[in-house]
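K.L.:
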Amino acid sequence: MTQSSTIRWEQDDDGVVTLTLDDPAQSANTMNAAFQASLHAVADRLEAERETVRGIVLTSAKKTFFAGGDLRELIAITPDDAQRAFDGSMRVKHDLRRIETLGVPVVAAINGAALGGGYEIALACHHRVALDVPGSKIGLPEVTLGLLPAGGGVTRAVRLLGIADALLKVLLQGTQYTPRRALEAGLIHEVAATPEEMLAKARAFIAAHPESHQPWDVKGYKIPGGTPANPRFAANLPAFPANLRKQTGGAPYPAPRNILAAAVEGAQVDFETAQTIEGRYFVDLVTGQTAKNMIQAFFFDLQAVNSGAGRPAGPAPRTVRKVAVLGAGMMGAGIAYSCARAGIEVVLKDVTPEAAAKGKAYSEKLLAKALDRGRTTEAKRDAHLARITPTADPRDLAGCDAVIEAVFEDAALKHKVFQEIQHIVEPDALLCSNTSTLPITGLAEGVERQRDFIGLHFFSPVDKMPLVEIIKGERTGDEALARAFDLVRQIRKTPIVVGDSRGFFTSRVIGQFINEGVAMVGEGADPASVEQAAAQAGYPAKVLSLMDELTLTLPRKIRDATRRAVEEAGGAWTAHPADTVIDRMVDEFGRPGRSGGAGFYDYVDGKRAGLWPGLREHFARPGAAPIPFEDMKERMLFSEALDTVRCLEENVLTSVADANIGSILGIGFPGWTGGVLQYINGYEGGLPGFVARARELQETYGPRFAPPALLLAKAEAGERFTDA
Ligand code: NAI
26 MTQSSTIRWE QDDDGVVTLT LDDPAQSANT MNAAFQASLH AVADRLEAER ETVRGIVLTS
86 AKKTFFAGGD LRELIAITPD DAQRAFDGSM RVKHDLRRIE TLGVPVVAAI NGAALGGGYE
146 IALACHHRVA LDVPGSKIGL PEVTLGLLPA GGGVTRAVRL LGIADALLKV LLQGTQYTPR
206 RALEAGLIHE VAATPEEMLA KARAFIAAHP ESHQPWDVKG YKIPGGTPAN PRFAANLPAF
266 PANLRKQTGG APYPAPRNIL AAAVEGAQVD FETAQTIEGR YFVDLVTGQT AKNMIQAFFF
326 DLQAVNSGAG RPAGPAPRTV RKVAVLGAGM MGAGIAYSCA RAGIEVVLKD VTPEAAAKGK
386 AYSEKLLAKA LDRGRTTEAK RDAHLARITP TADPRDLAGC DAVIEAVFED AALKHKVFQE
446 IQHIVEPDAL LCSNTSTLPI TGLAEGVERQ RDFIGLHFFS PVDKMPLVEI IKGERTGDEA
506 LARAFDLVRQ IRKTPIVVGD SRGFFTSRVI GQFINEGVAM VGEGADPASV EQAAAQAGYP
566 AKVLSLMDEL TLTLPRKIRD ATRRAVEEAG GAWTAHPADT VIDRMVDEFG RPGRSGGAGF
626 YDYVDGKRAG LWPGLREHFA RPGAAPIPFE DMKERMLFSE ALDTVRCLEE NVLTSVADAN
686 IGSILGIGFP GWTGGVLQYI NGYEGGLPGF VARARELQET YGPRFAPPAL LLAKAEAGER
746 FTDA
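Under the numbering used here, the first residue of the sequence shown is numbered 26, with each subsequent residue one higher.
Spelled out as structure tokens, the structure:
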């Protein structure tokens, strides 16, 4: 066909045209300029040869069906480019619409992942058959990058599924479905086991619809084009904003807001106008800061972190075959589950056979649930469980090439268990501790091979939390670091590499957030407002409720140990205003947190009942000026951001991508910011704007908000926080 096309045209004797997406310049098909030109040319040719065309099959020659927009191009769009971005999105939509309304059946033969732009192309077809291959995903995840699907995705999803399902199942969560689940949710019409079956089904659909005058443009649409203000639908509208608030906690995520508006407004007008509305809301997002933050974090930073930017390049990649998990408590049981899921043999050791068996029972429970929900098969469940051997006998650890220790948080006990097993496991086994607070360098002194000793800090619940913090001790070797990195990737988690210091990166920085929330209570702030400020800043957990979950005695213990260590080393200890609140809560009021039955909240039968009314009574400061709501939010965000800069200064962190990803995936720093350092980059006025605001906070709330030297230097040099 025409020019150097990214779309191949083949027509058979029956008049069926197969359009194969196959960009010769790339390993995946994307919505680049070449594709846009090819699509336009194909639409022209189809219209010109309309009389000879019986039907159209749209498929791809790549592993994925279509990869969607080019994020490198999207992240660079500035407000000055708004019109160009709008015109680009309208051009693609217009050409898809020409094919859709040609008057012949068009079938998408979805041979691999069809996410975002890929699913939008499929949506423009009248029938969708997907190949059921592992790893293939279908959906519109744009919202997770702060965008909305502007290739007709909002307009068609609403018309295909109805507004409620379109918003809740597809658009607002950005859910990625397997082909089978996409079928159940009504996103596609058929699945096929083989490529041949997929193409046969596509052709069968065309053969079964010989009518060439079908009104294809309204296929399956629940809101026929041109119906203004459908009254039944209008009556349902008030529920959507409420639902939306529940999902975003009122946080500053513009994408859900724009998606909602595009869907609601678009559903009340004709198809073409709806597409224009969708385009306008898209441009608003793509030129804004939040989408740039989210693309940076969830695409570029995540890719950098997972692809091994933090892994020493020298050591050859290795895989773990058999792992010893020491301690079958909450963390050990979860680690065993995750390792076995990745195909690793696990020996799960505890002090008694019963305790070890209880740890394995945790996997049984998770797998029973997965089976129930159709997320696994009986065969896979059995194989998964067969890989976990519970034991109380150290001799069963023979042959293990890695050890992950998760016994009680007690240095002497940790030393003891490593001594017990270090000569039983393989002589070069990787030795990891899942300690959450104890310095790795000190723990390593308990083993003979200190070069092979490293921290592997998982998060709870292990099966769900994607992050693992890898902690280098002073004597940890590069080989061990590389192996730890490979192990984390082997179990399909995201590794960040941090230096050995109390609390490492994540626990230390989340401590700032919690302390800031607690300090505000001590200043007489309304506790409900403090919780609301955390939610509106975008934190997934409210600050006082999080403190209650962790229990107030734990940070107190860590604080006191740190103070002793600092003072023993001759340093000066700076108290935090939160300290006295925590001390009073525990000592004076006997409220240590959820596990103690009372904390910042009251609990009834173990369930959170409401904020403790005594907070206002005991911490009120009559006459004190109220803390502005904006200050409440920014105190939490700034306290974490500033401490992260100090982590960079102290070499606890060496990579910006690690900081951003670790903060979002590990400790719930709000995703709209793009991560804790991207928050500084994207702050109004850039780094100088952030510095100025930090100084204001410092003046009003104390020296902990003083901008660190590294931040000042970067602000002065006109730099940003990047790894490049
Ligand atoms: P846990 O109390 O649920 O489990 C500890 C287990 O270790 C118990 O089953 C105990 O019987 C077993 N154990 C004690 N002595 C043993 C020995 N000599 N040999 C084998 N097993 C022995 O504790 P959890 O919460 O699982 O924590 C374990 C470690 O993980 C701690 O170091 C903790 O600081 C760390 N951690 C905990 C997190 C959490 O959210 N709970 C998060 C990240 C790390």
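Where is the CB? At the ideal position from N, CA and C, for every residue including glycine.
All values derive from a computational prediction rather than experimental measurement.
1) Any contact between the stretch 582 to 597 and the stretch 615 to 629? By contact I mean 3 or more CB pairs, one from each, below 8 angstroms.
2) Quick one: any contact between the stretch 222 to 234 and the stretch 124 to 143, if contact means 3 or more CB pairs under 8 angstroms?
3) Compute the minimum distance between the beta carbon of Phe483 and the heavy atoms of the ligand NAI, and state whether it is under 7 angstroms.
4) Short check: CB of Ala454 to CB of Arg500, under 8 angstroms?
5) On the CB-based measure, 16 or more other CB atoms within 10 Å of its CB, does Phe715 come out buried or exposed?
6) First and last residue of the alpha helix (DSSP H) that includes Arg33?
7) Glu470: beta carbon under 7 angstroms from a heavy atom of the ligand NAI?
8) Alpha carbon to alpha carbon, how far is Val348 from Glu434? Give it in angstroms, no decimals.
9) Phe730 to His119, Cα distance in whole Å?
10) Please state whether DSSP places Lys383 in a helix, a strand or coil.
11) Can you check which of these residues, His409, Val82 and Ala393, is closest to Arg366 by C-alpha distance?
12) Using the three-state DSSP reduction, which class does Cys457 fall into: helix, strand or coil?
13) Check this for me: beta carbons of Gly171 and Leu310, under 8 angstroms apart or not?
14) Please list, in chain order, all residues of the same chain as Asp39 whose beta carbon is under 7 angstroms from its beta carbon, the five residues on each side excluded.
15) By the three-class DSSP mapping on this structure, what secondary structure does Val372 have?
16) According to the neighbour-count rule (16 or more other Cβ atoms, all chains shown, within 10 Å of its Cβ), is His238 buried or exposed?
17) Between the alpha carbons of Gly711 and His440, how many angstroms are there, rounded?
18) Where in the stretch 579 to 639 do unbroken runs of the beta strand (DSSP E), each at least 3 residues long, occur, reported from the N-terminal end onward?
19) Just checking Asp375 against the ligand NAI - is the residue's beta carbon closer than 7 angstroms to any of the ligand's heavy atoms?
20) Can you grab the Cα-Cα spacing for the pair Asp683 / Ser458, in whole Å?
21) Where do the ends of the alpha helix (DSSP H) carrying Pro204 lie?
22) What are the uninterrupted segments assigned as beta strand (DSSP E) that are 3 or more residues long and contained completely in the stretch 414 to 443, given in chain order?
23) May I ask which residues mark the beginning and end of the beta strand (DSSP E) holding Leu577?
24) Can you say whether Thr460 is buried or exposed, counting buried as having 16 or more other CB atoms within 10 angstroms of its CB?
25) Less than 8 angstroms between the beta carbons of Thr43 and Ile32, yes or no?
26) Under a three-way DSSP split, which group does Phe530 fall into?
27) Out of Ala227, Gly187 and Pro452, which one is the CA nearest neighbour of Leu212?
28) I'd like to confirm something about Ser554: is its beta-carbon nearer than 7 angstroms to some heavy atom of the ligand NAI, or not?
29) Does the stretch 664 to 682 come within contact of the stretch 528 to 547, defined as at least 3 CB pairs closer than 8 angstroms?
30) Quick one: give me the first and last residue of the beta strand (DSSP E) that Ala155 is part of.
31) If you reduce the DSSP assignment to three classes, tell me which class Ser85 lands in.
32) Would the beta-carbon of Val442 be found less than 7 angstroms away from any heavy atom of the ligand NAI?
33) What do you get for Glu445, buried or exposed, if any count of 16 or more other CB atoms within 10 angstroms of its CB means buried?
34) Quick check on Val546: does DSSP put it in helix, strand or coil?
35) For Arg476 and Leu506, I'd like the C-alpha separation in whole angstroms.
36) How would you write the range of the beta strand (DSSP E) that Phe483 sits in, first residue to last?
P.N.:
Checking against the coordinates, here is how it stands:
1) no
2) yes
3) Within the sequence shown, residue 483 is the residue found at index 458, counting from 1. Yes, the ligand NAI has a heavy atom inside 7 angstroms of this Cβ.
4) Position 429 of the sequence shown, counted from the first residue, corresponds to residue 454. Position 475 of the sequence shown, counted from the first residue, corresponds to residue 500. Not in contact: Ala454 and Arg500 (Cβ atoms no closer than 8 angstroms).
5) Translated into the one-based positions of the sequence shown, residue 715 becomes position 690. When all chains shown are included, Phe715 counts as buried.
6) Working through the sequence shown from its first residue, we reach residue 33 at position 8. It is not in any alpha helix (DSSP H) - Arg33 instead sits in the beta strand (DSSP E) that spans Ile32 to Gln36.
7) Within the sequence shown, the letter at position 445 stands for residue 470. Outside the cutoff, so no.
8) Locating residue 434 in the sequence shown gives position 409, counting from the first residue. Locating residue 348 in the sequence shown gives position 323, counting from the first residue. About 20 angstroms.
9) As a working note, residue 730 is residue 705 in the sequence shown. As a working note, residue 119 is residue 94 in the sequence shown. So the two alpha carbons sit approximately 52 angstroms from each other.
10) As a working note, residue 383 is residue 358 in the sequence shown. Correct three-state label for Lys383: helix.
11) Along the sequence shown, one-based indexing puts residue 366 at 341. When only C-alpha atoms are compared, the closest one is His409.
12) Here the question's residue 457 lines up with position 432 in the sequence shown. Strand, per DSSP.
13) On the sequence shown, position 146 is the one that residue 171 refers to. On the sequence shown, position 285 is the one that residue 310 refers to. In this structure, Leu310 lies closer than 8 angstroms to Gly171 by Cβ.
14) Position 14 of the sequence shown, counted from the first residue, corresponds to residue 39. So the qualifying residues of the chain are Arg79.
15) Walking along the sequence shown from the start, residue 372 turns up at place 347. In the structure shown, Val372 sits in a strand (DSSP, three-state: E or B).
16) Here residue 238 is taken as the residue at index 213 of the sequence shown, counted from 1. Any reading at His238 needs caution, since the residue's pLDDT is 48, under 50, leaving its predicted position unreliable; the model's value is listed next. Per the 10 Å Cβ criterion, exposed.
17) Position 686 of the sequence shown, counted from the first residue, corresponds to residue 711. Position 415 of the sequence shown, counted from the first residue, corresponds to residue 440. Spanning the two alpha carbons is a distance of roughly 47 angstroms.
18) 626 to 629 and 632 to 636
19) Here residue 375 refers to the residue found at position 350 when the sequence shown is read from its first residue. At least one heavy atom of the ligand NAI is nearer than 7 angstroms to the Cβ of Asp375, so yes.
20) Along the sequence shown, one-based indexing puts residue 683 at 658. Along the sequence shown, one-based indexing puts residue 458 at 433. Going by the C-alpha atoms only, they are around 20 angstroms apart.
21) Position 179 of the sequence shown holds residue 204. Element bounds for Pro204: Pro204 to Glu209.
22) 427 to 430
23) Within the sequence shown, residue 577 is the residue found at index 552, counting from 1. Where Leu577 is concerned, there is no enclosing beta strand (DSSP E), given that its DSSP letter is neither H nor E.
24) Sequence index remark: in the sequence shown, residue 460 carries index 435 (1-based). Buried, because 16 or more other Cβ atoms sit within 10 Å of the Cβ of Thr460.
25) Residue 43 sits at position 18 when you count from the first residue of the sequence shown. Residue 32 sits at position 7 when you count from the first residue of the sequence shown. It is not a contact, given that the beta carbons lie outside the stated cut-off.
26) Position 505 of the sequence shown, counted from the start, is the residue given in the question as residue 530. In the structure shown, Phe530 sits in coil (DSSP, three-state: anything other than H, G, I, E or B).
27) For the purposes of this step, residue 212 is taken as the residue at position 187 of the sequence shown. That would be Gly187, whose Cα lies nearest to the Cα of Leu212.
28) The residue given as residue 554 occupies position 529 in the sequence shown. It does not: the Cβ of Ser554 is nowhere closer than 7 angstroms to a heavy atom of the ligand NAI.
29) yes
30) Here residue 155 refers to the residue found at position 130 when the sequence shown is read from its first residue. Where Ala155 is concerned, the enclosing beta strand (DSSP E) stretches over His152 to Leu156.
31) Along the sequence shown, read from residue 1 onward, the residue named residue 85 stands at position 60. In the structure shown, Ser85 falls within a strand segment according to DSSP collapsed to helix, strand and coil.
32) Looking up residue 442 in the sequence shown gives position 417. Yes, the ligand NAI has a heavy atom inside 7 angstroms of this Cβ.
33) Residue mapping note: residue 445 aligns to position 420 of the sequence shown, counting from 1. Answer is exposed; the Cβ neighbour count stays below 16.
34) Your numbering for residue 546 matches position 521 in the sequence shown. In this structure, Val546 counts as helix in the three-state DSSP scheme.
35) Position 451 of the sequence shown holds residue 476. Position 481 of the sequence shown holds residue 506. Their Cα atoms are separated by approximately 9 angstroms.
36) Indexing the sequence shown from 1 puts residue 483 at position 458. It spans Phe478 to Phe483 - the beta strand (DSSP E) in which Phe483 sits, taken as one unbroken run.
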